[in-house]
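Inspection log for the structure reproduced underneath, given as structure tokens.
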Amino acid sequence: MVSPAKAPTRSTPHARTFMVLLFAINLFNYVDRLVITGLLEPIRRDLLLTDTQLGQIALAFLATYSIFPLLVGWIADRTARVRLIVAATGIFSVATGLAALTRGVASLAVTRAVVGIGETTYMTTGPSLIADLYPANRRGAAMSFFYAACPIGAAVGVVLGGVIAAGYGWRIACLAVSAPGIVLAFIVSRFSEPERGSFDPLESAARPPLSRALRQLAANRPFILLVIAFIAQIFSYNAVEFWLPTLLQRDKALPLVSANTD
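In terms of our numbering, the sequence shown opens at residue 31 and continues consecutively.
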């Protein structure tokens, strides 16, 4: 920790460059997450899957994405976050690319589960880094910039996947969208870890054992209510997010590119 007199009051060019990289990773985080939703019909026809099996692919991602945040947060409090982000970005990018090699629902579900692990690691760790890159009076704007990548990446993932798959097949689409994340992971690996709490020298964060942290969260009523509300929200819109391109292709007879872009 730095003393209050020496606490930095503004971000540096290094911080701004790092922020742009975090935004870019978050964008491709969502590209890799949503690309599969626009490719369900060609995947179903190629692998001879049922709708139930396609749903299992979605469940595989959601299961790991839901279970791992608490563990990842506990680890991120105790290790270098830049290394975690590099690993997370590499994991979800490589797993997206490996989907191109799958030959059945089980192997495809495994790749999506691994994508969920990588993406939940990134989304849990990224905001912590931003808090140490920007002072409190600029942190809200930085977080808004970071999260703006989510809807942009989601839209780009569906559209880009459809465009590439229409010309080269769904397997090439998975390979193509995985490449930028691998490059970004290498670039971020060259950045140093920001000092924890450098903008908040008068504050300290407890790092309890994992078992105690879980008990504290379980006893935190507002936290539990927020989790329940978020589960209800996800349950409502995830079905639309996952199935809409497929619905447009089947019921409206739209071609792949039109269904993913309209």
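Using N, Cα and C, we set each Cβ at its ideal position, and we do this for glycine too. Bear in mind that the values here come from a model prediction, so they are computed numbers and not experimental data.
Taking 8 angstroms as the threshold (C-beta atoms), are residue 126 and residue 207 in contact?
yes
How would you label residue 270, buried or exposed, when you count the other beta carbons within 10 angstroms and need 16 or more for buried?
Exposed, by the Cβ-count rule.
Report back the beta-carbon spacing between residue 93 and residue 148 to the nearest angstrom; my notes put them in contact at under 8 angstroms.
About 14 angstroms separates the two Cβ atoms, so there is no contact after all.
In angstroms with no decimal places, state the Cα-to-Cα distance between residue 189 and residue 275.
10 angstroms
Under three-state DSSP, which class holds residue 133?
coil
Would DSSP call residue 34 helix, strand or coil?
Low per-residue confidence applies at residue 34: pLDDT is 45, beneath 50, and the placement is therefore not dependable enough to give any value.
Please report the Cβ distance between residue 155 and residue 102, rounded to the nearest whole angstrom; I am assuming they are in contact, meaning their Cβ atoms lie under 8 angstroms.
7 angstroms
Helix or strand or just coil, what does DSSP make of residue 167?
helix
Can you look up residue 39 in the DSSP assignment and give me helix, strand or coil?
Because the pLDDT at residue 39 is just 49, under 50, the model does not fix this residue reliably, and the point stays unresolved.
Please state the DSSP three-state secondary structure of residue 150.
helix
Please state the DSSP three-state secondary structure of residue 227.
The DSSP-derived three-state label of residue 227 is coil.
Please classify residue 157: does DSSP put it in a helix, a strand, or coil?
helix
Is the separation between the beta-carbon of residue 87 and that of residue 139 shorter than 8 angstroms?
yes
From 53, 291, 229, 203, pick the residue whose C-alpha is nearest to that of residue 73; which is it?
203
Hey, how far is the Cα of residue 268 from the Cα of residue 210?
Roughly 25 angstroms between the two C-alpha positions.
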